[in-house]
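Order-wise, the sequence lines are chains A and B. The UniProt record's numbering puts the first residue of the first sequence at 1, with every later residue one more than the last. The UniProt record's numbering puts the first residue of the second sequence at 1, with every later residue one more than the last.
Number of protein chains: 2
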Amino acid sequence: MTEVHLRDALDTLKSTGVRITPQRHAILEFIIQSMSHPTADDIYKALESKFPSMSVATVYNNLRVFREAGLVKELTFGDSSSRFDFITNDHYHMICNSCGKIVDFHYPGLDEVEHLASHLTGFEVSSHRMEIYGTCPTCKEQATKVQ
Amino acid sequence: MTEVHLRDALDTLKSTGVRITPQRHAILEFIIQSMSHPTADDIYKALESKFPSMSVATVYNNLRVFREAGLVKELTFGDSSSRFDFITNDHYHMICNSCGKIVDFHYPGLDEVEHLASHLTGFEVSSHRMEIYGTCPTCKEQATKVQ
DNA sequence: TATACTTATTGTAACAATTACAAACTAAGA
DNA sequence: TCTTAGTTTGTAATTGTTACAATAAGTATA
Numbered sequence: 001m002t003e004v005h006l007r008d009a010l011d012t013l014k015s016t017g018v019r020i021t022p023q024r025h026a027i028l029e030f031i032i033q034s035m036s037h038p039t040a041d042d043i044y045k046a047l048e049s050k051f052p053s054m055s056v057a058t059v060y061n062n063l064r065v066f067r068e069a070g071l072v073k074e075l076t077f078g079d080s081s082s083r084f085d086f087i088t089n090d091h092y093h094m095i096c097n098s099c100g101k102i103v104d105f106h107y108p109g110l111d112e113v114e115h116l117a118s119h120l121t122g123f124e125v126s127s128h129r130m131e132i133y134g135t136c137p138t139c140k141e142q143a144t145k146v147q
Numbered sequence: 001m002t003e004v005h006l007r008d009a010l011d012t013l014k015s016t017g018v019r020i021t022p023q024r025h026a027i028l029e030f031i032i033q034s035m036s037h038p039t040a041d042d043i044y045k046a047l048e049s050k051f052p053s054m055s056v057a058t059v060y061n062n063l064r065v066f067r068e069a070g071l072v073k074e075l076t077f078g079d080s081s082s083r084f085d086f087i088t089n090d091h092y093h094m095i096c097n098s099c100g101k102i103v104d105f106h107y108p109g110l111d112e113v114e115h116l117a118s119h120l121t122g123f124e125v126s127s128h129r130m131e132i133y134g135t136c137p138t139c140k141e142q143a144t145k146v147q
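1. What are the boundary residues of the beta strand (DSSP E) that includes residue 60 of chain B?
2. Take residue 84 of chain A as the anchor and find which of A:11, A:3, A:40 has the nearest alpha-carbon.
3. Can you give me, in chain order, the residues of the segment 113 to 147 of chain B that have a beta carbon less than 8 Å from any beta carbon in chain A?
4. Am I right that residue 133 of chain A and residue 127 of chain B are in contact with their C-beta atoms under 8 Å? What's the rounded C-beta distance?
5. Contact between the segment 51 to 70 of chain A and the segment 102 to 111 of chain A: three or more CB pairs below 8 Å?
6. Across the segment 2 to 20 of chain A and the segment 41 to 54 of chain A, are there enough close Cβ pairs to call them in contact, namely three or more that are closer than 8 Å?
7. Here's a check: name, in chain order, each residue in its chain whose Cβ is nearer than 8 Å to the Cβ of residue 153 of chain B, leaving out the five neighbours to either side.
8. Closer than 8 Å, CB to CB, is residue 103 of chain B near chain A or not?
9. Does residue 107 of chain B come within less than 8 Å of chain A when only Cβ atoms are used?
10. Residues of chain A with CB closer than 9 Å to the CB of residue 99 of chain B, please, in chain order.
11. On a Cα-Cα basis, can you pick out the residue from A:14, A:136, A:26, A:56 that is closest to residue 99 of chain A?
12. If you measure beta-carbon to beta-carbon, which residues of the segment 54 to 67 of chain B are closer than 8 Å to chain A?
13. Tell me, please, whether the CB atom of residue 88 of chain A is closer than 8 Å to any CB atom in chain B?
14. When we look at the beta-carbon of residue 56 of chain A and count the other beta-carbons within 10 Å, is it buried (16 or more) or exposed?
15. Once DSSP output is grouped into helix, strand and coil, what is the label at residue 73 of chain B?
16. Given that a residue counts as buried once 16 or more other Cβ atoms are within 10 Å of its Cβ, and exposed if not, what is residue 38 of chain A?
17. Excluding five sequence neighbours on each side, which residues of the same chain lie with their C-beta closer than 7 Å to the C-beta of residue 139 of chain A?
18. Quick one, which of A:73, A:53, A:17, A:52 has its alpha-carbon nearest residue 28 of chain A's?
19. Is residue 32 of chain A closer than 8 Å to residue 66 of chain A when the C-beta atoms are compared?
20. Mind reading off the beta-carbon distance from residue 76 of chain B to residue 121 of chain A? Whole number of angstroms is fine, and I expect it under 8 Å.
21. Please classify residue 80 of chain B as buried or exposed, where buried requires at least 16 neighbouring CB atoms within 10 angstroms.
22. With DSSP run on the structure shown, which of helix, strand or coil describes residue 102 of chain B?
23. Excluding five sequence neighbours on each side, which residues of the same chain lie with their C-beta closer than 6 Å to the C-beta of residue 118 of chain B?
24. Assuming residue 94 of chain A contacts residue 129 of chain B under a Cβ cut-off of 8 Å, what Cβ separation, rounded to an integer in Å, is found between them?
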C-alpha cells in the first residue's frame, strides 16, 4: 500500500519536473507510512538519525513542494503547528437536487470535526458522513434557458 | 439580533463567574456584530480608538475566556493567524451507533467545504449535511462492563 | 566522463503570532 | 467604603515558519 502510493507520488513529482532527492524520498515515505498527521517537527525528528545534517528548512521547503504538487494536505487544528497528511482517496459526495447526479469530491482534513465532536459530547467517534447539495452545471444551465 | 446575542453572551459569562469589563464587552460586541471572522489583531485594531491603552494580551486573554465559555470558536485556516467566530445556532448531530441517541453539537466554519466543493465540481451549492457516528459515554461504559 | 547549468540543501537570521509573567488596577460583594 | 480575587497592561520570551546566501548535488549534453 505504502509502496504503491510512494511510487505514484514519486511519478507525480517527476512528471512535474521536481527532482527526487534522498530527503524528499524519505519525507514522502514517512508521511505516507505515518498513520498520524505529523507536524514538520515530527518529520524532522523522525528523519534525524537517517539524515543527521538535514535542515528544518528542507522539511518546510519540501512540504510546500508536495503541497503544491497536490500530494500532501496541510491541516491546521487549534494547536500551534500545522500537520501534514498524504492525500488518499477519501472523498465526499456532491449531489444535484435537480437530477440526482452524484459527483465525488475529495476533501481531507475533517478529522478535526470528529475530534471536536468527541471532545464536546464525550462520544467515541468512529466515522462521519457528509453530503453537499446543490445544482449541477447542466441543470443550472437548463434552468436559465427555460426561464 | 446583535443585542440579543450580546445579552445572552454576557449572561453566560456572568453565570460562570467571569467579570464583565468594558474591554470584554467591547470585544464580544465586535465579534458578534462582525460579519467576517476577525483575527485577534483585527479586533485589537478595531478597538484601538475606543481603548487606546488596551493591550494585545487582553485581546488574546479574553478570546481564550470566551472560547472556554463556549461563546466563540477559533478557526484556523491556512494563513498564519487564527480567526474568531461567535457561535450561533448552526449545529450538527452526533449519533450513537449502539443506542441511537442523538446529541447536537455546534460547529461553525464548514462554509469552506461548500466553497471548495463548489469550486471543484462547478455545482451551485445550496446546503450540506453532516453526521458523526460513534459510541455515547453510556454505551461505552456498558460495553466495558459486559466485557 | 567531463562540463555546465539548474535546482536543492543547509544554517542562520529574521519574522510574526501567541503566551508567560509580574506589577498595577478594578469590578463587585460584604 | 473596603477588601479581595480577578483583570489589564507592557514587555519579554517562545515558537512555528520563512527568507536568504552560500554550498552541494542532480541532470543534460557533448
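For glycine and all other residues, C-beta sits at the position ideal for the given N, C-alpha and C.
Reading it off the structure:
1. Per DSSP, residue 60 of chain B belongs to no beta strand (DSSP E); it is in the alpha helix (DSSP H), 56 to 68.
2. A:40
3. 113, 114, 116, 117, 118, 120, 121, 122, 123, 124, 125, 126, 127, 128, 129, 130, 131, 132, 133, 134, 135, 136, 137, 140
4. 5 Å
5. no
6. no
7. This structure leaves residue 153 of chain B out entirely; chain B is present only between 1 and 147.
8. yes
9. yes
10. None at all; the shortest Cβ gap to chain A is about 11 Å.
11. A:136
12. none
13. no
14. exposed
15. strand
16. buried
17. 96, 98, 99
18. A:73
19. no
20. Not really, about 21 Å apart at Cβ, beyond 8 Å.
21. exposed
22. strand
23. 125
24. Going by Cβ atoms, the distance from residue 94 of chain A to residue 129 of chain B rounds to 12 Å, so no, they are not a contact pair.
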